[in-house]
């Protein structure tokens with residue numbers, strides 16, 4: 007039971023950390039900054055997808 011208690015305490019701490027992280031993101035400034043970040047993320051994930059598609063094509067041959 008002690009282990010379960012420790013686990014719960016840890017996950018509570020983790021949750022608090024996640025909330026703090028969310029607050030920090032909210033405090034980072036103008037929404038336009040966030041949008042730039044989002045655009046970067048989207049281009050990265052698009053690159054990743056094309057890379058994955060290429061990999062799949064290669065493995066088909």
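Residue numbers (the working numbering): 7 to 67.
Every residue gets a Cβ at the ideal spot worked out from N, C-alpha and C, and that includes glycine.
Hey, how far is the Cα of residue i from the Cα of residue j?
i	j	result
residue 2	residue 66	The structure shown does not extend to residue 2, since the chain is modelled only from 7 to 67, so the question has no answer here.
residue 49	residue 29	25 Å
residue 61	residue 21	37 Å
residue 9	residue 63	48 Å
residue 56	residue 23	34 Å
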